[in-house]
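*Asks:*
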Amino acid sequence: MVDNDIVGCNWIELPAGKYRIRKECHMSLAQLEVDISWVDLINHPAEGEWQKIAPLRVLSFDIECAGRRGVFPEPDKDPVIQIANMVLRQGEKDPFIRNVFTLGTCASIVGSQVLCFEKEDALLRAWSDFVRIIDPDIITGYNIQNFDLPYLINRAQTQKVHSFPFLGRMRNMRSVIRDSSFQSKQMGRRENKVINTEGRVQFDLLQVLLRDYKLRSYTLNAVSYHFLQEQKEDVQHSIITDLQNGSEQTRRRLAVYCLKDAYLPLRLLEKLMCVINYMEMARVTGVPLNYLLLRGQQIKVVSQLLRQAMKQNLVMPVVKSEGGEDYTGATVIEPVKGYYDVPIATLDFSSLYPSIMMAHNLCYTTLLQSGAVDKHGLNPEDFIKTPTGDCFVKSSVRKGLLPEILENLLSARKRAKAELKKETDPFKQKVLDGRQLALKVSANSVYGFTGAQVGKLPCLEISQSVTGFGRQMIEKTKQLVESKYTLANGYKADAKVIYGDTDSVMCKLGVQTVSETMELGREAAEWVSSHFTPPIKLEFEKVYFPYLLINKKRYAGLYFSSSANTHDKMDCKGIETVRRDNCPLVANLINTCLQKILIDRDPMGAVEHAKDVISDLLCNRIDISQLVITKELTRTADEYAGKQAHVELAERMRKRDPGSAPNLGDRVPYVIIGAAKGVAAYMKSEDPIYVLENNIPIDTRYYLEQQLAKPLLRIFEPILGETKAESVQGEHTRCKTVLTSKVGGLMAFAKKRSTCIGCKATLNHDAIAEERPCFCLSPSPYSLLQVSHLGSLEEKFSRLWTQCQRCQGSLHEDVLCTR
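Numbering (this note's numbering), first residue to last: 38 to 856.
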C-alpha cells in the first residue's frame, strides 16, 4: 500500500482496457473477480468527489442462548435459540433488512421477518447462508468479537454444521478463533478473541467504545442510555430460558428484545459517527481499517513516516527498544489557588507540539549528533540549539520528514474545516467533520510517537526538545503578559497569570466584564504570538467567570467562548464530576455543589446541600446504586504490587461462578460493606447485586471518609474563609442526632443534624426550642395519620426499587420497568 501510495478506505480506479473480468468467481464470493497488474491501479486522494463514502453494507446481529440457571452459557452445552439481524447501507437511516432466526415457533413482529426452525443445526446453517448471501462489508454488534461470533462457531462445531465457519468472502477460508493479548499505556492489558473473516471488517462497537470513551459502565444498556437516552427491552437473562420454553408469544417477546439489541449498535454507530471517523482516520494515516481496531497508536505514525520517507528516497530503520531514560515533561505554572469572582481569560497555543516541531525543524533527519557541527562545517546560522542542549539543522539546510508530515496534516485540516463551513449536505458534513478530527488526532500523535520509549522509533532528543521549548514558551508568555498589561502602561489593572499548564495560560486581566476580558484577551494573544517563530500561534480561547482554581490540573468555572451574555457550559477539569474512580454519589454531590457555587453564586447553599447528603448517607438513606465504585481490571492479582479491592473481588467472584466473573479489560463494579473494625478495604469489597440479594449492610463511614471527604475539602477550601458553616447542635426526646463528619478539615462545614424518628424531618436548633418542631409532635391525629401513611408508601417504594435492581441485574442504569 505504501509503495503504491494506496491508503485505507479510499477509491481505486481500474482503467478501461487494463483489466480482465473472469467468467466465474471461483476464488471468492465477490460479484466480480478481476485480473489486473498492480502498476495499473489508480489511487484517488480523498478530495472533491472522491471524498464520498461507498454505500457499504453493515450487518448488525445479536444472539440469545438458552442457558442454565446461575451458569454462564457454554457452547458445548447450551443451544443458540435466536439470532436477530439488521442490515443497513452506510449513509442511509433505516435498515433495509430486519429479521430474526428463532428456534421454535414465534408470533409475527410488525416490520420484521420471523424465520422459525425446528432444529438448531438448521438455524445455524441458514444463518451462515444468510451472511454469505447478503455479503456484508462490515459486521457489527455488541461484544461480537469475544462472545457472539466465537459462540456461534463453537456451537456449529458441536452441532456438526460443517459449512458454518466460512463467514468471509474467500470460498475456502475457514473462520477460526485465536486468542490475542494487547497492552498499551492508554488501554492497559486486554485479552480478546480474533476471528478471521476475509473481505469483511468486524467492527465490534464494544471495542470501539473501550478505546474512545471513558464510561462508568460498558453494558449496552448503560451505553445506550448515556448516548441515546434509550434502553433495552426489559428481559432479564434469568428468564430467557423460561420465555423460550413458553409459547410463541413469549418467544415473540424474546425476539423483540433480541432485535432491539441488534438495532441499538446501528443507532450508536450513527450517533457517534464511528464508521465515518474510523474510515477518515484510515484515509489520513494510510492504514487499513482493521488496523485501527486491532493495533495501537504507533502504526498510524509509522505508515505516514514510510510514505514521506519514500518520497525522499530514505529507508526507515528497525529499532529494537526496551525502554530508556525519562525526560522532563510539560511545565505547570504554580497555581494561585482561590475562588475568582472576576473574569479569567484563557490563552491557548494552537497545536502547540506540532507547531514547535515545524517551527524549529525537529526531526530524525535533522538531528545533529555530537561532533556533527564541525564534521559538516556548519555555521551557527545553519542550526539551532534547543533548551535541552540538542542541536537540529534549520529547514534552509534540510527539511525534516516530521515537519513535512505535520504541515501536510494541518493544511489538510484547514481545507477540511473550510469545506465544512460551506457544505450543506448533512452526510457530507459528517464526513468532513470526521476528516478534520482524524487530521487533528494524527498531528498530535506524532510527538507521542517520538517519546514512546518502548516503541518503533523513539527519539529522546526530539521529545525532550519539544517539551523544553513548550516550557520556555509558557514562561515567556507569562512574562510578556505581566510586563505589558499594567497600570503603568495605561491599563485598568496589573495583569496576573494565575495558572499555566502545557499549552495554555489563565490570566486575570483586571477588567470586570466578560466582554472586556474577551477583547483584551484577543489583543494579548495576537501581541504575544508576534514574539514567537511561525507557525507557533497563541489564540484567545475562552473566559471563565467565576473561576474556582483548586490545584494543578484541578479547576472549574463557567465557560464563555463566543457570547459574553450566556455561558456555554460549566467546565470541570480533574474534579470528581468527570472522574470514574469514585462512586456516582461523589460526582452528583460535587456537581450540585459546583452549580450552586458557580451558577447560583450561593456557596452557603452548597455547604448546606453537602450537609444534607452526608446526613442521608450516614442514616442509610442513599440508594446503593449511588455507592457503586467501578475500576478496570488491567492485570491479574499476582501482577499488582498491593491488594486491590476490585482485583480481590474479581477473584472471589471467579470462585463463586467462573462463567460470570470479570475478565481482563472489564470494569469491575463493587461496594464497600460493613465489617469489623480494622478490616482492610480490599477485604470489604463486594458485588452490588450480591449485597442486594443478601441484605448486607454498607460501610457508610468508608464512603464519607474515603470518597467524600477529600473532594469536598478541595472545592470548599478556597472559599471557607467567606462561607464558614454554622455549627448547629440540638437534642430532643423524640429525635436522634447524627454527626455528619469527624474527618479533619471537613468539620469546618460539618454540623450535627437532629432527625425526628417519627416523620424523619430535619430539626435545627431553633425548631427544637419550639413547642411543635415537627408534624408528628403536633397533637393533630390527622397529621399522625398522614405521617404514618407517608412512611408506609416510602417503605413500599424502597422495596420495589430494590427488587427492580435485583431483576435488572445491574446498578449502573436507571431502573426501567414496563410491566
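Just so it is clear, CB atoms sit at the ideal spot from N, CA and C, and this is done for glycine as well.
Every value quoted in this text rests on a predicted model; they were computed, and no experiment measured them.
Based on Cα-Cα distance, which residue from Phe386, Cys62, Leu622 lies nearest to Lys574?
*Replies:* Phe386
*Asks:* How is the alpha helix (DSSP H) around Arg751 delimited, first residue to last?
*Replies:* 746-753
*Asks:* Apart from the five residues on each side of it in sequence, which residues of its chain come closer than 7 angstroms, Cβ to Cβ, to Ser200?
*Replies:* Arg162, Ser165
*Asks:* Check Ile58 in the structure and name its three-state DSSP category.
*Replies:* strand
*Asks:* Can you grab the Cα-Cα spacing for the pair Arg771 / Ser825, in whole Å?
*Replies:* No answer about Arg771 holds up, because its pLDDT of 34 lies below 50 and its placement is not dependable.
*Asks:* Would you list, in sequence order, the uninterrupted beta strand (DSSP E) runs of no fewer than 3 residues that lie entirely inside the stretch 93-162?
*Replies:* You should have 94-102, 117-126, 134-140, 150-154.
*Asks:* How far does the alpha helix (DSSP H) with His263 in it reach, from first residue to last?
*Replies:* 257-265
*Asks:* What first and last residue would you give for the alpha helix (DSSP H) that runs through Trp564?
*Replies:* 551-566
*Asks:* Count the other CB atoms within 10 Å of the CB of Leu626; is the residue buried (16 or more) or exposed (fewer)?
*Replies:* Leu626 is buried by the Cβ-count criterion.
*Asks:* Excluding sequence positions up to five away, which residues of its chain have a Cβ less than 8 angstroms from the Cβ of Ile49?
*Replies:* Ile43, Leu78, Ile79, Asn80, His81
*Asks:* Taking the alpha-carbon of Arg508 as reference, which of His63, Val548, Gly537, Tyr522 has the nearest alpha-carbon?
*Replies:* Comparing C-alpha distances from Arg508 to each of His63, Val548, Gly537, Tyr522 shows the shortest one belongs to Gly537.
*Asks:* Tell me the DSSP secondary structure of Gln239 in three-state form.
*Replies:* Of the three classes helix, strand and coil, the one that applies to Gln239 here is strand, per DSSP.
*Asks:* Skipping 5 residues on each side, what residues in its chain have a beta carbon closer than 7 angstroms to that of Val503?
*Replies:* Tyr390, Ile393, Met394, Leu399, Tyr484
*Asks:* Are Glu669 and Asp639 close, meaning C-beta to C-beta below 9 angstroms?
*Replies:* No, Cβ-Cβ distance for Glu669 and Asp639 is not below 9 angstroms.
*Asks:* Could you pull the start and end residues of the beta strand (DSSP E) that Phe486 belongs to?
*Replies:* Here Phe486 belongs to no beta strand (DSSP E); instead the alpha helix (DSSP H) covers 463-488.
*Asks:* The alpha helix (DSSP H) that contains Glu317, what's its start and end?
*Replies:* 311-322
*Asks:* Spatial neighbours of Asp724 within its chain, please: C-beta separation below 7 angstroms, excluding the five flanking residues on both sides.
*Replies:* Leu686, Met690, Tyr707
*Asks:* Count the other CB atoms within 10 Å of the CB of Val260; is the residue buried (16 or more) or exposed (fewer)?
*Replies:* buried
*Asks:* Check whether the Cβ atoms of Leu595 and Ile636 sit closer than 9 angstroms, and answer yes or no.
*Replies:* yes
*Asks:* By the 10 Å Cβ neighbour count, where 16 or more other Cβ atoms means buried, how is Glu61 classified, buried or exposed?
*Replies:* Counting the other CB atoms within 10 Å of its CB gives Glu61 a total below 16, which places it among the exposed residues.
*Asks:* Which class does Arg617 belong to by DSSP, given the choice of helix, strand or coil?
*Replies:* coil
*Asks:* Inspect the beta-carbon positions of Leu326 and Val238 and report whether they are closer than 9 angstroms.
*Replies:* yes
*Asks:* What residues match up with Gly178 in a beta bridge as DSSP calls it?
*Replies:* Asp241
*Asks:* Measure the CB-CB distance between Tyr21 and Leu497 and report whether it falls below 9 angstroms.
*Replies:* Outside the modelled stretch of the chain, which goes from 38 to 856, sits residue 21, for which no answer is possible.
*Asks:* Spell out whether any CB of chain B is found under 9 angstroms from the CB atom of Glu723.
*Replies:* The chain inventory of the structure shown lacks chain B, comprising one protein chain alone.
*Asks:* With DSSP run on the structure shown, which of helix, strand or coil describes Ile726?
*Replies:* helix
*Asks:* What would DSSP say about Ala687, mapped onto helix, strand or coil?
*Replies:* Three-state DSSP puts Ala687 in a helix.
*Asks:* Count the other CB atoms within 10 Å of the CB of Gln341; is the residue buried (16 or more) or exposed (fewer)?
*Replies:* buried
*Asks:* From what residue to what residue does the beta strand (DSSP E) around Thr195 run?
*Replies:* Per DSSP, Thr195 belongs to no beta strand (DSSP E); it is in the alpha helix (DSSP H), 186-195.
*Asks:* Using only the alpha-carbon positions, how far apart do Gln268 and Leu303 sit?
*Replies:* 14 angstroms
*Asks:* In whole angstroms, what separates the C-alpha of Asp174 from that of Ser212?
*Replies:* The alpha-carbon separation between Asp174 and Ser212 amounts to approximately 16 angstroms.
*Asks:* Buried or exposed: Met316, going by 16 or more other Cβ atoms within 10 Å of its Cβ?
*Replies:* When all chains shown are included, Met316 counts as buried.
*Asks:* Would you mind sorting Ile661 into buried or exposed? The rule is 16 or more other CB atoms within 10 Å of its CB.
*Replies:* By the 10 Å Cβ count, Ile661 comes out buried.
*Asks:* Note down, one range per segment and in chain order, each alpha helix (DSSP H) of at least 4 residues found wholly within the stretch 595-671.
*Replies:* 621-631, 640-655
*Asks:* Asp172: which of Met207, Ile587, Cys102 sits nearest, CA to CA?
*Replies:* Met207
*Asks:* Is it true that the stretch 272-292 meets the stretch 116-125, where meeting means three or more beta-carbon pairs spaced less than 8 angstroms apart?
*Replies:* Verdict: yes, contact present.
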